[in-house]
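This report concerns only the one structure given below.
Numbering (our numbering), first residue to last: 363 to 805.
Have a look at this one:
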């Protein structure tokens, strides 16, 4: 993994990256706790399996809604301020879940947590995209997604420790209470992370011009970009949700993988989820966003076909699991950085947040389709059909996505058409006299 770009970032760029990365990692730890403690919740709070399913769905709905709402708020009140609020929202709602006494309490806490998580992921990516120089924007913004793997690994590591020392009735409450820790990151953000200069400049211009409403993303030239980005997200995440939702079941019932091997698979898959975003960012900055997406989509589609259709052994299953995680996370990591380059500053968080949120909501329907089809065919066949359809739809949408690699986001600050926006060459990074970072020209 080539992380040499970290040393090329300015102090402000580096702090902004680590704030967004840390926020996603800690918030991901909080959100993945639910899946780990679900059996304990069912046993101690007398929840049913349908109840547990509804709790999971409430989080997805909250995440979808939160990304758009936070995007609208970030365009109005600032990226850093909304980032702090969303991190706090996840931390407080997770901590509050420790005092749950039944289904309805958890439902509200889970929905609020989802809204915070969706908002944090969207706003953090937009902030980094606006702060980092054009030549490294793709790799830095995409690398934020690796924070999800770190958070997932943290929750998985803490689970046996907490449940090994405490009784089940107490352990899940302590686990949720630990979820308050991300709130500490807010102090770092408040002290060390400034607002993106491009947003500050746009706000000053906005004071002398009419304010853009949230509906602006559905008008004029922005409508096409909004629809294409939403369609692309739907296909990409819909196919990803198929594998996330059904793969554990397929491993045990379809491939008859022992539980011990399942644990090893998950560890390798999580590692792949860490590597994938870093790899995608480097590739996207080199060959472009569209080509990077299409490459990963084709590779993932082939991977899914082999995984679900070919007669493979347990060793190959684990190896392919790494690539499933890497390609899946790599595709997801490129969404927000790419969408941030499609919209002017005044509606950037709104447009990117809507495309991500709407795509998440529509994509969440696909796993249910697998369940319906699996009653009439083999589970692996149903997974392959739905996943390939999703990746094919995303590939078609990628062909329509405007290529904005290296675009100067400042030329879009007043809402100018992106086709006329200046593109900065990849070489224009630190040390170029015309490069402007955080409102200060660097030499």
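We treat Cβ as the ideally placed atom computed from N, Cα and C, and that holds for glycine.
Keep in mind the model is a prediction, meaning the values are calculated, not measured.
Residues near residue i in its chain [Cβ-Cβ closer than 7 Å; skip 5 each side]
i	result
residue 482	385, 386, 389, 445, 448, 449, 452
residue 685	634, 665
residue 517	391, 394, 395, 398
Cβ shell of residue i (< 6 Å), same chain only, five flanking positions each side left out
i	result
residue 693	598, 658
residue 562	none
residue 515	632
residue 491	499, 503, 699, 702
residue 807	What the structure shows of the chain is the stretch from 363 to 805, and residue 807 is not part of that stretch, so it cannot be assessed.
residue 602	690
residue 430	715, 716, 719
residue 731	748
residue 501	367, 643, 644, 647
residue 767	650, 651
residue 511	632, 635, 636
Inter-residue spacing [alpha-carbon to alpha-carbon] between residue i and residue j
i	j	result
residue 378	residue 739	48 Å
residue 564	residue 434	15 Å
residue 704	residue 383	22 Å
residue 737	residue 509	36 Å
residue 522	residue 528	10 Å
residue 524	residue 507	27 Å
residue 583	residue 763	13 Å
residue 606	residue 559	38 Å
residue 777	residue 712	For residue 777, the pLDDT reaches just 46, beneath the cut-off of 50, and the residue's location in the model is therefore unreliable, leaving the point undetermined.
residue 543	residue 642	30 Å
residue 513	residue 651	26 Å
residue 608	residue 442	36 Å
residue 438	residue 727	31 Å
residue 612	residue 759	29 Å
residue 600	residue 765	23 Å
residue 587	residue 532	49 Å
residue 585	residue 750	27 Å
residue 729	residue 671	18 Å
residue 555	residue 540	25 Å
residue 742	residue 769	42 Å
residue 420	residue 755	26 Å
residue 673	residue 667	11 Å
residue 775	residue 662	In this prediction, residue 775 scores a pLDDT of 48, lower than 50, which makes its location untrustworthy; no coordinate-derived value is stated.
residue 771	residue 589	21 Å
residue 708	residue 496	19 Å
Environment of residue i [buried if 16+ CB atoms lie within 10 Å]
i	result
residue 793	With a pLDDT of only 35 at residue 793, under the threshold of 50, the placement of this residue in the model should not be trusted, and no figure is reported.
residue 761	exposed
residue 317	With the chain running from 363 to 805 in the structure shown, residue 317 is simply not present.
residue 538	buried
residue 581	exposed
residue 380	buried
residue 678	exposed
residue 408	exposed
residue 780	Confidence is the limiting factor: at residue 780 the pLDDT is only 45, short of 50, which leaves the residue's position unreliable, though a coordinate-based value still follows. Classification of residue 780: buried, given that the 10 Å Cβ count is 16 or more.
residue 695	buried
residue 579	buried
residue 405	exposed
residue 660	exposed
residue 466	exposed
residue 647	buried
residue 567	exposed
residue 369	exposed
residue 706	buried
residue 410	exposed
residue 591	buried
residue 432	buried
residue 475	buried
Check whether residue i and residue j have beta carbons under 8 Å apart
i	j	result
residue 462	residue 468	yes
residue 422	residue 722	yes
residue 595	residue 697	yes
residue 683	residue 627	yes
residue 473	residue 415	no
residue 478	residue 427	no
residue 436	residue 485	yes
residue 745	residue 630	no
residue 639	residue 487	no
residue 593	residue 656	no
residue 374	residue 493	yes
Residues near residue i by beta carbon distance below 8 Å, same chain, minus five either side
i	result
residue 471	455, 456, 458, 459, 462
residue 376	368
heavy atom of the ligand COA below 7 Å from residue i C-beta
i	result
residue 537	The ligand content of the structure shown is nil, which means the ligand COA is not present either.
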